[in-house]
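Chains as they are written, first to last, in the numbering used here: chain A, 1 to 335; chain B, 336 to 670.
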């Protein structure tokens, strides 16, 4: 008999874009319905990089998600910070997110030269503040993550007490770093476990599967999937779910981002079941993150039933990944 | 003093999609205005693969372009043909185009197994009918052309008297084959001399630069550009200009094809001038093709002036490559 129900406890999404205002109010409840917590990215315009902005964004997010027992783990946008700034905000954030300048959505104010934030990294190491990194260079698009890996290795060696998160890894070479440095962990998205560049640009061009870092080669996808199915202790789920209105996706200059928040868990259940790894999904979507980030999210049990459902074509004006396709598993109950 | 005018004589576009009906009437005059002739692709629905269809399409094309002194070089869509079929159509076509099944727009009826057309290739060799090939496999999108190269080499060796055209080459490895087999030549598009995957998917995703074969790596683009600027005797210009209505490009499943017909020559003049190779452009866009394909197009002189112009945003409902950007050179006179 196949399983017909399956439960996850306090699933966590360790990399998510909630945006602000109307978009926040549309998308955040979709995450908060099933996830018990998540890491909220700070690349707004202007970025979340000071106490006032952090207070305001934290309050705005909490107002939207609190009825749903969801803990938002807030982040700061990397810039050179003083010790007093970091000390005063330290307990309010799960980490500081570093965007190299110009590599993704709203990264125009990112860091051009890592030397500029060296003192800040020193302070973060001393204060026990985590570093989260969008690890891409500005090389040829298929090479950008690989080209950035030496930076991860240098940071890991140079700041051995700094916990460094390689965000949304997409290559087997990045995956391999997890076994080389104690202080490196990684997030991986749903789409990078499923797709390659073929799905984006191998048939018709699919803007709804276009994201940064771009999906890579089959051998990269396979390496990431193997680690996830094995619930590698250094790897956690982070959807990088990134909503854009449909007119910013189906147009002449399509924004980067795949929207997966409302269907990610259901698809992960299907994926792990297909590979006979359902017993490791709890670790991948929650237990690993609780240990690595030392967090204690609200208790929440999500029960999935194998009764089938269809992925909606739209959530408001946002098109999700695999819009209209069938899902094997649906959320039957959250308690 | 910089050149302020420049002339080309009987430029040829050795790979072009004219479509049918309203689209043909919209786009064919744009090619015929400046080009003296072109190779018209047969991947219509249904394909041009019999006498009746060839007669009808040939007539339809000629009605549109004849006032503009443009010679359409017609092609047949590859299938197994009999000797009498080939013999009767031989003088009406410049070659037979082979599409491996499922690799591009309207290739669903393409060839699944090359063994199926071996007898036809034998007949073509004996009758002196040229073979034109969309050289891609169904591998990972960035590997498809490279994976097909052994097929080109096998065909070139197996049919040494068959002229084989590698259409729209995109890799340095394909370019290198030109020096290895006497009976292989190639076409190259404008966009593959200019862009890489970075331009398609490295910043915002640009559906108007999405084509098949997809643009490759910088080193591929550089190798193709070097051959073109050198007017390599085995290489000719073939725009692969492929119009799609804007709603088939800016959508959830964007069709492959870049529309360059009306701006290709102006951009080539600018590109060759930039690289100090204007003296080789006549060979690249006409003389090489006249020799390789043994054609004698209508006399036509196109005079370009370095006075600047803007690329239109649209031609009807078709968005051209680099819509809205500035052009250094414009067509001043055609005589």
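Backbone N, C-alpha and C fix where the C-beta goes; we use that ideal spot for every residue, glycine too. A quick note: this is a predicted structure, and the numbers were derived from the prediction, not measured.
Please check if any C-beta of chain B sits within less than 8 Å of the C-beta of residue 50 of chain A.
-> no
Residue ranges of each alpha helix (DSSP H) within the segment 252-312 of chain A, 4 or longer | Listed in chain order, the complete alpha helix (DSSP H) runs (minimum 4 residues) inside the segment 252-312 of chain A are 264-274 and 288-293.
When burial is assigned at 16 or more other CB atoms within 10 Å of the CB, is residue 107 of chain A buried or exposed?
-> buried
Show which residues of chain B have a CB atom less than 8 Å away from the CB atom of residue 394 of chain A.
-> Only positions 1 to 335 of chain A appear in this structure, which leaves residue 394 of chain A out of reach.
Boundaries of the alpha helix (DSSP H) in which residue 58 of chain A is found, first to last residue = Per DSSP, the continuous alpha helix (DSSP H) segment holding residue 58 of chain A begins and ends at 51-65.
Starting from residue 527 of chain B, trace the alpha helix (DSSP H) both ways and give me its first and last residue.
-> Where residue 527 of chain B is concerned, the enclosing alpha helix (DSSP H) starts and stops at 526-529.
Looking at chain A, which residues of the segment 545-577 of chain B have a Cβ within less than 8 Å of any of its Cβ atoms?
-> 545, 549, 552 and 553
Simplified DSSP assignment, three categories, for residue 410 of chain B = strand
Check the DSSP bridge columns for residue 520 of chain B and list the partner residues they point to.
-> According to DSSP, residue 520 of chain B bridges with B/500.
Cα-Cα, which of A/36, A/207 and A/61 is closest to residue 48 of chain A?
-> A/61
By the criterion of Cβ-Cβ separation under 7 Å, what are the contact partners of residue 409 of chain B in chain A?
-> Within chain A, no residue comes near residue 409 of chain B; the closest Cβ sits about 28 Å away, beyond 7 Å.
Give a yes or no on whether 8 Å exceeds the smallest Cβ distance from residue 196 of chain A to chain B.
-> yes
Reduced DSSP secondary structure (H/G/I, E/B, other) of residue 435 of chain B | Assignment of residue 435 of chain B by DSSP, reduced to helix, strand and coil, places it in the strand class.
Give the secondary structure of residue 380 of chain B by DSSP, where H, G and I count as helix, E and B as strand, and everything else as coil.
-> Three-state result, residue 380 of chain B: coil.
Inspect the beta-carbon positions of residue 455 of chain B and residue 495 of chain B and report whether they are closer than 8 Å.
-> no
Is any beta-carbon of chain B found at less than 8 Å from that of residue 207 of chain A?
-> Yes, contact with chain B.
Assigned exposure category for residue 400 of chain B - 16 Cβ within 10 Å defines buried | buried
Residues of chain B with CB under 7 Å from residue 336 of chain A, in chain order?
-> In the structure displayed, chain A extends from 1 to 335; residue 336 of chain A sits before or after that span and is not available.
Per DSSP, the bridge partner or partners of residue 651 of chain B | According to DSSP, residue 651 of chain B bridges with nothing at all.
Can you list the residues of chain A that residue 590 of chain B reaches, using a CB-CB cut of under 7 Å?
-> 204
Would you say residue 14 of chain A and residue 138 of chain A are within 8 Å of each other, going by their C-beta atoms?
-> no
Closest Cα partner of residue 642 of chain B within the set B/657, B/632 and B/665 | B/665
Would you mind reading off the limits of the alpha helix (DSSP H) that contains residue 21 of chain A?
-> Per DSSP, the unbroken alpha helix (DSSP H) holding residue 21 of chain A starts and ends at 21-34.
Taking residue 607 of chain B as the reference, give the member of B/347, B/556, B/484 and B/564 with the closest Cα.
-> B/564
Candidates A/318, A/293 and A/116: which alpha carbon is nearest residue 243 of chain A's?
-> A/318
Residue 467 of chain B, enclosing beta strand (DSSP E) - first and last residue = 466-468
Around the C-beta of residue 489 of chain B, are 16 or more other C-beta atoms found within 10 angstroms, so that it is buried, or is it exposed?
-> Of the other Cβ atoms in all chains shown, fewer than 16 fall within 10 Å of the Cβ of residue 489 of chain B; this residue is therefore exposed.
Cβ contact (3+ pairs, closer than 8 Å) linking the segment 497-508 of chain B and the segment 461-470 of chain B | yes
Where does residue 170 of chain A fall in DSSP's three states?
-> It is coil, neither helix nor strand.
Residue 524 of chain B and residue 503 of chain B look like a contact to me (Cβ under 8 Å); what is the Cβ gap, rounded to whole Å?
-> 5 Å
Buried or exposed: residue 104 of chain A, going by 16 or more other Cβ atoms within 10 Å of its Cβ?
-> buried
To the nearest angstrom, how far is it from the Cα of residue 404 of chain B to the Cα of residue 393 of chain B?
-> 15 Å
N- and C-terminal bounds of the alpha helix (DSSP H) containing residue 199 of chain A | 197-201
Through-space distance from residue 202 of chain A to residue 646 of chain B, alpha-carbon basis = When rounded, the distance between both Cα atoms is 28 Å.
Considering only C-alpha positions, which residue in the set A/300, A/240 and A/292 is nearest to residue 231 of chain A?
-> A/292
Between residue 346 of chain B and residue 367 of chain B, is the Cβ-Cβ spacing less than 8 Å?
-> no
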